[in-house]
Amino acid sequence: MEQISGSVRMECALLYTFLEVSSDCKFKEQLYSLQSQGIVPLKGSYCYDDEVELQTDGNRSGHLQNGELVFDPEVNEEVVRIIAAQLAEIGDQFDKEIKARVVNDLVQHFLNENLSGEEITQHMSAAVEGLARAIPSDMEQEKAMLVLAMVLTKKIANTMPSLLQRVFRTTVNYISQQLHNYIVGMLR
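Residues 1 to 188 in the UniProt record's numbering are what the sequence shown lists, from first letter to last.
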């Protein structure tokens with residue numbers, strides 16, 4: 001499987017860290033294998049553009065370049081961890097509200113090899129939107145949808161750890177398509 005492209009690495013780092021710090025994550029071994037397979041950048045390598053300006057002190061700057069957030073690995077990796085931990089706490093609250101039927105339906109879609117990545121992303125999107133309407137929340141809709149997508153990823157992987165790679169990629173794709181600008185704003 002190919003690596004996740006640079007345009008979605010921010011989402012990839014956030015999802016990976018969310019799963020890593022989440023409670024009740026039964027697939028830690030599979031999660032850590034995503035790094036060795038090159039699907040997730042190694043820790044400290046969240047600087048995604050080789051042409052980032054070097055500051056006079058030799059450090060790279062963290063800023064938007066070509067519409068993409070470029071991380072300063074020493075500063076922003078910690079920001080990603082903090083935000084992921086906060087989102088994981090919210091996710092623990094949402095977790096109880098997600099019915100097993102929703103998770104099992106998504107598991108069946110992920111198991112269906114005849115479905116394209118785009119079709120699976122559409123199923124994920126429909127599930128997240130349905131849950132966002134069904135679960136009462138006073139938080140902004142983008143945050144609720146982000147947390148729900150990440151909690152669904154955890155629940156699917158807990159149900160069937162062998163699906164982790166496929167569900168991880170699909171979730172990153174969904175988040176990148178639907179919530180990229182929200183995440184950029186959140187990480188600023």
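The beta carbon of each residue, even a glycine, is placed where N, CA and C say it ideally should be.
For the candidate residues 8, 9 and 15, whose alpha-carbon lies nearest to that of residue 145?
Taking the first residue of the sequence shown as position 1, residue 145 is located at position 145. The shortest Cα separation from residue 145 among 8, 9 and 15 belongs to 15.
Taking the alpha-carbon of residue 39 as reference, which of 11, 24 and 23 has the nearest alpha-carbon?
Within the sequence shown, residue 39 is the residue found at index 39, counting from 1. Closest by alpha carbon: 11.
To which residues of the same chain is residue 181 closer than 7 angstroms at the C-beta, ignoring the five residues directly before and after it?
Within the sequence shown, residue 181 is the residue found at index 181, counting from 1. Closer than 7 angstroms at the Cβ level, and outside the excluded window around residue 181, lies no residue.
Under 8 angstroms between the Cβ atoms of residue 94 and residue 135?
Locating residue 94 in the sequence shown gives position 94, where the first residue counts as 1. Locating residue 135 in the sequence shown gives position 135, where the first residue counts as 1. Contact flag set, yes.
My output table needs one value for residue 35: the three-state DSSP class, helix, strand or coil.
Here residue 35 is taken as the residue at index 35 of the sequence shown, counted from 1. It is helical.
Give every residue of the same chain whose Cβ lies closer than 6 angstroms to the Cβ of residue 58, excluding the five residues on either side of it in the sequence, and list them in chain order.
Residue mapping note: residue 58 aligns to position 58 of the sequence shown, counting from 1. Any reading at residue 58 must be qualified, since the residue scores a pLDDT of 38, below 50, and its modelled position is unreliable; no value is offered.
May I ask you to report which of helix, strand or coil DSSP gives residue 206?
Nothing about residue 206 can be reported from this structure: the residues present for the chain run from 1 to 188 only.
Look at the Cβ atom of residue 173, then the Cβ atom of residue 91, and state whether they are nearer than 8 angstroms.
Numbered from its first residue, the sequence shown carries residue 173 at position 173. Numbered from its first residue, the sequence shown carries residue 91 at position 91. No, Cβ-Cβ distance for residue 173 and residue 91 is not below 8 angstroms.
Give the straight-line distance between the Cα atoms of residue 112 and residue 131, rounded to the nearest whole angstrom.
The residue labelled residue 112 in the question sits at position 112 within the sequence shown. The residue labelled residue 131 in the question sits at position 131 within the sequence shown. Rounded to whole angstroms, residue 112 to residue 131 spans 22 angstroms at the Cα level.
Measure the CB-CB distance between residue 152 and residue 110 and report whether it falls below 8 angstroms.
For the purposes of this step, residue 152 is identified with residue 152 of the sequence shown, where counting begins at 1. For the purposes of this step, residue 110 is identified with residue 110 of the sequence shown, where counting begins at 1. Cβ atoms of residue 152 and residue 110: not closer than 8 angstroms.
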